[in-house]
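K.L.:
For the first sequence, UniProt numbering assigns the number 1 to the initial residue and increments by one for each residue that follows. Ideal Cβ placement from N, Cα and C applies to all residues, glycine included.
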Amino acid sequence: MGVALRDIIADYKTPVSWEALPGIAAVDANNTLYQFLTIIRQPDGTPLMDRQGRVTSHLSGILFRISNFMAKGIKPVFVFDGKPTQLKQATIEERRKLRDTAGEKWREAVERGDEAEAYKQARSSTRVDDTIIRTSRELLGLMGIPVVQAPGEGEAQAAFMVARGDCLYVISQDYDTLLFGAPTLVRNLTVSGKRKIRGRQITVNPERIVLAETLAGLKLTREQLIEIGILVGTDFNPGVEGVGAKTGLKIVQKGEFAAKLKEKQPDFDPAPVMEMFLKPPVTTEYSVAAGHPDAEGIKKMLCDGYDFSEERVDKALEGFSVKAGQKTLESWF
DNA sequence: CGTTCCAA
DNA sequence: TTGGAACGG
1 MGVALRDIIA
11 DYKTPVSWEA
21 LPGIAAVDAN
31 NTLYQFLTII
41 RQPDGTPLMD
51 RQGRVTSHLS
61 GILFRISNFM
71 AKGIKPVFVF
81 DGKPTQLKQA
91 TIEERRKLRD
101 TAGEKWREAV
111 ERGDEAEAYK
121 QARSSTRVDD
131 TIIRTSRELL
141 GLMGIPVVQA
151 PGEGEAQAAF
161 MVARGDCLYV
171 ISQDYDTLLF
181 GAPTLVRNLT
191 VSGKRKIRGR
201 QITVNPERIV
211 LAETLAGLKL
221 TREQLIEIGI
231 LVGTDFNPGV
241 EGVGAKTGLK
251 IVQKGEFAAK
261 LKEKQPDFDP
271 APVMEMFLKP
281 PVTTEYSVAA
291 GHPDAEGIKK
301 MLCDGYDFSE
311 ERVDKALEGF
321 SVKAGQKTLE
331 SWF
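1. Name the residue from Asn30, Leu215, Phe78 and Ile9 whose alpha carbon lies nearest to the alpha carbon of methionine 161.
2. Would you decide whether arginine 6 is buried or exposed? Buried here means 16 or more other CB atoms lie within 10 Å of its CB.
3. Taking the straight line between their C-alpha atoms, what separation do you get for arginine 198 and lysine 120?
4. With a 10 Å radius around its C-beta and 16 neighbouring C-beta atoms as the bar for buried, classify aspartate 235 as buried or exposed.
5. By DSSP's criteria, leucine 185 is part of a beta bridge. Which residues make up the other side?
6. From the DSSP output, which residues share a beta bridge with arginine 41?
7. Give a yes or no on contact between the region 85-101 and the region 166-178, applying the rule of three or more CB pairs nearer than 8 Å.
8. Considering just the uninterrupted stretch of the beta strand (DSSP E) at glycine 23, what are its terminal residues?
9. Measuring straight from C-alpha to C-alpha, what distance separates alanine 289 and glycine 73?
10. Comparing alpha-carbon positions, which option in Met1, Gly291 and Thr284 lies nearest threonine 91?
11. Evaluate lysine 75 with the Cβ neighbour count: other Cβ atoms within 10 Å of its Cβ, from every protein chain shown; 16 or more gives buried, anything less gives exposed.
12. By a C-beta neighbour count over all protein chains shown, 10 Å radius and 16 as the cutoff for buried, is serine 57 buried or exposed?
13. Kindly give me the distance between the Cβ atoms of alanine 4 and valine 232, rounded to whole angstroms, as I take these residues to be in contact under 8 Å.
14. Could you tell me which of Gln157, Glu256, Ala245 and Ala259 sits nearest to glutamate 285, measuring between CA atoms?
15. Helix or strand or just coil, what does DSSP make of threonine 328?
16. Check valine 240 in the structure and name its three-state DSSP category.
17. Using the three-state DSSP reduction, which class does proline 272 fall into: helix, strand or coil?
18. Helix, strand or coil: which one does DSSP assign to isoleucine 145?
19. Is it true that the CB of isoleucine 226 sits closer than 8 Å to the CB of methionine 143?
20. What is the DSSP secondary structure of valine 77, reduced to helix, strand or coil?
21. In its own chain, which residues sit with a C-beta less than 7 Å from the C-beta of alanine 118, not counting the 5 before and 5 after it?
22. Under 8 Å, do leucine 237 and valine 273 count as touching if we go by C-beta distance?
23. Drop a sphere of 10 angstroms on the beta-carbon of asparagine 31, count the other beta-carbons inside from all chains shown, and report buried for 16 or more, exposed for fewer.
24. Around the Cβ of leucine 269, are there at least 16 other Cβ atoms within 10 angstroms (buried) or fewer (exposed)?
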């Protein structure tokens, strides 16, 4: 998915404890929903569904994660994607094809009883469609979570909101927000900290990446970081074959970005992509103020509408409303 | 992913 | 009490 800068950013990630995170956080909504939909599945790949067969994985993810956020003093603002730019069309089309193929392979794997393959293909067939967006927004509204509609990329809008000081950091798994200028990015903000990767269980801790520290450490300007992104490939351009983050870093540090592109992709003009990261469409028409959670409304939607257990929803709401607006010990100092 | 269950 | 397995919808 996101721009593959992991290998050069690794040294500038610092573990961060939950105690250091209270405040307003700009959540990359599409990234979060995609994550829920890919991961909250049964071993054969079937997502959580109500009795009518409507997918509910995202609703489960939102309910429990936000309940935990609230209990820890993290006030999320969900930022949704707007209209994709023309630059992204090729990527969108490519992803659609991959999803469709995966959907077929999933069905085939289920038929022949290959559970591991079914799970893998099901994940690859994940799509954050209009229904997922609509139902997520409905639940967030009932929870009193502010929602921001980005004019373009949600990641750009989230970065902008942090840069303006309206939010403390962006929550996303992708590094794209750094290219969009997010001063601080927090990854792996999950409660359990445990993840099963290929049968192995590993502990994943929340980590913080400060853009200024990363640029200083790599001796780069933000424009140069974007240049590396362009070389390895972004949602807006395919990248140069055989160039990863480390090679890209070397090329850019030697000042050979333009020359390398001219050599490998003579017909490609990187200026519009650079422009997209430096001056993306964003809006100041938003509010990060949280509303009051409507416990009855949430129960009506989830329990009556989507067959959630009332007991579990009640429990999630408990941590929610009790701690909402309550000062954490940390914030007194 | 996050919660709950259950064996040790 | 703990942590891996099963469940949730």
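P.N.:
According to the data block:
1. Of Asn30, Leu215, Phe78 and Ile9, the residue nearest in Cα terms is Phe78.
2. exposed
3. Low per-residue confidence applies at arginine 198: pLDDT is 45, beneath 50, and the placement is therefore not dependable enough to give any value.
4. A buried status is given to aspartate 235, since no fewer than 16 other beta-carbon atoms sit within 10 Å of its beta-carbon.
5. Val170 and Ile209, per the DSSP bridge assignment.
6. Pro47
7. no
8. 23-28
9. 14 Å
10. When only C-alpha atoms are compared, the closest one is Met1.
11. buried
12. buried
13. 5 Å
14. Gln157
15. Because the pLDDT at threonine 328 is just 39, under 50, the model does not fix this residue reliably, and the value given afterwards should be weighed accordingly. In this structure, threonine 328 counts as coil in the three-state DSSP scheme.
16. Coil at valine 240, not helix or strand.
17. helix
18. coil
19. no
20. strand
21. Asp44, Gly45, Trp106, Ala109 and Val110
22. What sits at residue 237 in the sequence shown is asparagine, not leucine. Taking 8 Å as the Cβ cut-off, asparagine 237 and valine 273 qualify as a contacting pair.
23. Counting every other CB atom within 10 Å of its CB across the protein chains shown gives asparagine 31 a total of 16 or more, marking it as buried.
24. Checking the displayed sequence, the identity of residue 269 turns out to be aspartate instead of leucine. It is exposed - the Cβ of aspartate 269 has fewer than 16 other Cβ atoms within 10 Å.
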